[in-house]
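Take a look at the structure set out below.
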Amino acid sequence: MASVCSHLSALDTAHLNIAPQHVCPECVALGDTWVHLRVCQQCGHVGCCDQSKNTHATKHFHATQHPVVSSAEPGEYWVFCYPDQEFAEY
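Take 1 as the starting number for the sequence shown in the UniProt record's numbering and just add one per residue.
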């Protein structure tokens with residue numbers, strides 16, 4: 001990765017882009033759908049993206065202050081830091 005914030009530079013790429021199932025559990029519980037999935041790099045929470053109706057990944061950040069998510073979408077290899085608003089591909 002290029003020069004990025006401390007949250008992104010501290011990541012271990014071996015744990016990126018991992019979602020146990022390709023679903024947003026919170027949307028499933030609501031009987032709702034989602035657009036794309038994001039994985040919290042601190043605890044593994046899987047949530048839907050901001051283009052989804054419920055924005056569960058961002059809601060998780062606001063509730064926990066866990067700073068970094070990665071894409072859980074096949075073929076996408078990037079991370080995003082909420083506090084620093086930084087994006088990096090890997």
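The beta-carbon is built from N, C-alpha and C at its ideal position, and this holds for glycine as well. Note that the structure is predicted; figures quoted are calculated from it, not measured.
Would residue i pass as a contact of residue j if the rule is Cβ separation under 9 Å?
i, j, result
"T20", "G44", "The residue asked about is misnamed: residue 20 is Pro in this sequence, not Thr. For P20 and G44, yes; Cβs fall inside 9 Å."
"C49", "V35", "yes"
Among the residues of its own chain, which have a CB less than 6 Å from the CB of residue i, if the five just before and after it don't count?
i, result
"F80", "V69 and F87"
"F61", "Y82"
I'd like the span of the alpha helix (DSSP H) that includes residue i, first residue to last.
i, result
"residue 97", "It is not possible to answer for residue 97, since the shown part of the chain is limited to 1 through 90."
"S6", "S6 to S9"
"A63", "H56 to T64"
Taking C-alpha atoms, which residue in the options lies nearest to residue i?
i, options, result
"T58", "G31, I18 and C24", "C24"
"L8", "E73, S52 and H66", "H66"
"S71", "S3, H22 and D84", "H22"
"I18", "L30, G75 and Q85", "G75"
"A63", "Q85, D84, C40 and Q51", "C40"
Please work out which residues of its chain come closer than 7 Å, Cβ to Cβ, to residue i, disregarding the five sequence neighbours upstream and downstream, and give them in chain order.
i, result
"E26", "G47, N54 and H56"
"D84", "C5 and H7"
"D32", "K53 and N54"
Could you give the residue range of the beta strand (DSSP E) that holds residue i?
i, result
"E86", "E86 to E89"
"S52", "Run containing S52: none; DSSP gives neither H nor E here."
"H35", "A small correction: the amino acid at residue 35 is Val; His does not occupy that position in the sequence shown. Where V35 is concerned, there is no enclosing beta strand (DSSP E), given that its DSSP letter is neither H nor E."
"C43", "Run containing C43: none; DSSP gives neither H nor E here."
"S70", "V68 to S71"
Suppose the cutoff is 8 Å on Cβ atoms and the five residues either side in sequence are ignored; what does the same chain contact list for residue i look like?
i, result
"D12", "none"
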